[in-house]
Each structure stands twice: as C-alpha cells, then as structure tokens.
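As structure tokens, the structure follows; a few thoughts come after it.
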Amino acid sequence: MRTLSASLFLALSILLFTSCDKNKNTNTNSYNRKAMLENYADKIIIPAYAQLQQKINTLKTAAANFSQQPDNTTLLNLKNAWVETAKAFQFCNSFNFGPAETLTGSFTIDAGTFPVNETLAEDFISQMTNNGFDPLNNFSRDTRGIYGIEYLIFKNDAAQTINDFSNANRKNYLAAIIGDLKTRTDKITADWQTYKNTFVAADGTDAGSGASMLFNQFLIGFKITKILNLGCHLACV
C-alpha cells in the first residue's frame, strides 16, 4: 500500500508541477490526462472500493456467526475479517472525493475517525434496549466505523470478549455499525460507476480537476500517516 501510494503521489506531483511550467512545454501540454484519469478510475479507484465492499460483506457474515455462537473460532474469524477490511479501507483513503463526499463530511471521517471515544461507545451500547434509540443518529463518528468495530472485538482478551458478547446490546451495536459501514460503502461503489465520467472529463489542472483531487487526497493521506506515526512513536517512548 505504501509503495503504491508513494508511486502514485510522485507521478501526480510531477504531472501537476510540470503542467504549471511557464514555458508551456509542448510535450507537457499534450499529455493525455483524460486517459490517465480513466486508467485510475478503471484500474485503481473502482476496484479499491469493490474490494472494500467484498471485505465488508465477509466481515458482516463473520460478525453474525460470532454473535450467534461466540467462541474462540468465530472470534478469530471475525478478527481476521476485520484486518482484511481495515487493509482494504486504507486503499480507499486517497480517493476520498466525489461519491465519498457526503452532507455529513466524507467517507474517511464517517468511517475512519480515530481514536474511538470508548466512554460514549459504551454509553450507546447500554442504550441499545431503549425504544427508538439509534446509535447512528448523531455526529459521534468516533463511536463507529472501522475503529469502532476494532474497539469492540480487540479491546479485551478472547475470553473476556466472548463473555462481553453474551450481552445482546453489544451484539446489536456491532451489527448496527457494520451495517452502517456497509451501506456507505455500497453507495460509494455504485455511485462511482456513473461518477467516473465526471471524473475523467475533469482533465485539467485546476482546483476541481481529477488530477488535483487525487493530488490533494494523497497529500492529506501522507500528512495523516505522519501524525499517526508520530503518535505511535510518542506512545512507545
């Protein structure tokens, strides 16, 4: 993932910076950005979201199996499914535009806010039996998504986690946040089938162009990676 992102980031940097050359080099201006964007959409972006969609479907099944029969085997399967989903999610982080932009923010914010607010997540779990309570009807993105799921299944050792999931509230909360993640991913994956045309048509180098959106998202992704790495380093000191 890191190698792929670095390569794409370098390619976009060269393309955008050379496109701003005051000498307007003929070879640079004749570069077929439309073909490049079409290749990105068909070979990288759409497959990345489709892969995430597939992994979430597997995760949903693993969660249902674990909730139905909480034991070491079903928990291990669930944890492995989460790892695969988390990896697939990281491959989509650099494509956080277009269908990934919503009225509530963006896919990365809605599904990947870190760290988890453990106190609030536990409060939501305790309210799952309340009539009409919806743990998703709020802007507390730090209680759900990829890392909300991680919190529920990795927080404690296997024995304690299995015991925790004897509680129906916890099972229902896990199902709710996985369902939300699936709904968001399904929509983005479907919307890219038509948004692709808009993305490819924006073949300039202005702020709204496909190349600029890619460049900006890669830049944001690298900054986030640096912050997370710094946080991990400080935590280990």
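Count along the sequence shown from 1, then add 395; that gives the number in our numbering. We put the CB at the ideal spot given by N, CA and C, even for glycine.
Going by beta-carbon coordinates alone, are TYR568 and MET608 separated by less than 8 angstroms?
Looking up residue 568 in the sequence shown gives position 173. Looking up residue 608 in the sequence shown gives position 213. Between TYR568 and MET608, the C-beta spacing is not below 8 angstroms.
Span of the alpha helix (DSSP H) around ILE572
Mapped onto the sequence shown, residue 572 falls at position 177. In the DSSP assignment, ILE572 falls within the unbroken alpha helix (DSSP H) covering 563 to 596.
For GLY603, three-class secondary structure by DSSP:
In the sequence shown, counting from the first residue as 1, residue 603 sits at position 208. Coil, per DSSP.
Restricting to Cα atoms, I'd like to know which of ASN532, TYR546 and LEU471 is closest to ALA457.
On the sequence shown, position 62 is the one that residue 457 refers to. Of the candidates ASN532, TYR546 and LEU471, the one whose C-alpha sits nearest the C-alpha of ALA457 is LEU471.
Sorted by chain position, which residues of the same chain lie with C-beta nearer than 6 angstroms to TYR542's C-beta, five sequence neighbours on each side aside?
Locating residue 542 in the sequence shown gives position 147, where the first residue counts as 1. PHE509 and VAL511.
Is ALA436 near VAL595, with beta carbons less than 8 angstroms apart?
By 1-based counting over the sequence shown, the position of residue 436 is 41. By 1-based counting over the sequence shown, the position of residue 595 is 200. Taking 8 angstroms as the cut-off, the beta carbon of ALA436 is found closer than this to the beta carbon of VAL595.
Quick one, are the C-beta atoms of ILE504 and ARG536 less than 8 angstroms apart?
As a working note, residue 504 is residue 109 in the sequence shown. As a working note, residue 536 is residue 141 in the sequence shown. Yes, Cβ-Cβ distance for ILE504 and ARG536 is below 8 angstroms.
Within 10 angstroms of the Cβ of SER604, are there 16 or more other Cβ atoms? Answer buried if so, exposed if not.
The residue labelled residue 604 in the question sits at position 209 within the sequence shown. Label assigned to SER604: buried.
Can you tell me the Cα-Cα spacing of PHE492 and THR499, whole angstroms?
Indexing the sequence shown from 1 puts residue 492 at position 97. Indexing the sequence shown from 1 puts residue 499 at position 104. Straight-line spacing of the CA atoms in PHE492 and THR499 works out to 13 angstroms.
If the criterion is Cβ atoms closer than 8 angstroms, does the pair LEU576 and ALA476 meet it?
Numbered from 1 along the sequence shown, position 181 holds the residue referred to as residue 576. Numbered from 1 along the sequence shown, position 81 holds the residue referred to as residue 476. No, the pair does not count as a contact, with Cβ atoms beyond the cut-off.
How would you call LYS550, buried or exposed, if buried means at least 16 neighbouring beta carbons within 10 angstroms?
Taking the first residue of the sequence shown as 1, we reach residue 550 at position 155. The residue is exposed, with fewer than 16 neighbouring Cβ atoms inside 10 Å.
Cβ atoms of THR580 and LEU454: under 8 angstroms apart, would you say?
Stepping through the sequence shown from its first residue, residue 454 is reached at position 59. Stepping through the sequence shown from its first residue, residue 580 is reached at position 185. Taking 8 angstroms as the Cβ cut-off, LEU454 and THR580 do not qualify as a contacting pair.
CB-CB under 6 angstroms to ALA459, same chain, minus the five flanking residues each way: which ones, in chain order?
Residue 459 sits at position 64 when you count from the first residue of the sequence shown. Excluding positions up to five away in sequence, the list is empty.
Check whether the segment 461 to 469 touches the segment 554 to 571, taking contact to mean three or more Cβ pairs, one atom from each stretch, closer than 8 angstroms.
A contact exists between the segment 461 to 469 and the segment 554 to 571.
Using DSSP with H/G/I as helix, E/B as strand and the rest coil, what is THR524?
As a first step, residue 524 must be located in the sequence shown, where it is residue number 129. Here THR524 sits in coil by DSSP.
Can you grab the Cα-Cα spacing for the pair PRO530 / GLU513, in whole Å?
By 1-based counting over the sequence shown, the position of residue 530 is 135. By 1-based counting over the sequence shown, the position of residue 513 is 118. Computed Cα separation, rounded: 14 angstroms.
Identity of the residues DSSP links to SER501 by a beta bridge
Translated into positions along the sequence shown, residue 501 becomes position 106. Answer by DSSP bridge pairing, in chain order: GLU496.
Which of the three DSSP states, helix, strand or coil, is assigned to CYS631?
Residue mapping note: residue 631 aligns to position 236 of the sequence shown, counting from 1. Here CYS631 scores only 45 on pLDDT, less than 50, and its place in the model is too uncertain to base an answer on.
Based on Cα-Cα distance, which residue from GLN588, PHE610, SER501 and ALA602 lies nearest to ILE441?
Counting from 1 along the sequence shown, the entry for residue 441 is found at position 46. Residue GLN588 is the option with its Cα nearest to ILE441.
ASP598 and PRO494: beta carbons closer than 8 angstroms?
Counting from one through the sequence shown, the residue named residue 598 turns up at place 203. Counting from one through the sequence shown, the residue named residue 494 turns up at place 99. Their beta carbons are not under 8 angstroms apart, which means ASP598 does not touch PRO494 by this criterion.
Under the assumption that PHE502 contacts ILE583 (Cβ atoms under 8 angstroms), give the Cβ distance between them as a whole number of angstroms.
Against the sequence shown, residue 502 aligns to sequence position 107. Against the sequence shown, residue 583 aligns to sequence position 188. Going by Cβ atoms, the distance from PHE502 to ILE583 rounds to 6 angstroms, so yes, they are a contact pair.
Looking at the structure shown, is THR508 part of a helix, part of a strand, or coil, going by DSSP?
Residue 508 sits at position 113 when you count from the first residue of the sequence shown. Three-state DSSP puts THR508 in coil, outside helix and strand.
Run through DSSP, which three-state label would TYR426 get?
Numbered from its first residue, the sequence shown carries residue 426 at position 31. It is coil, neither helix nor strand.
Looking at the unbroken alpha helix (DSSP H) that takes in ALA476, where does it start and where does it end?
The residue given as residue 476 occupies position 81 in the sequence shown. Element bounds for ALA476: 467 to 487.
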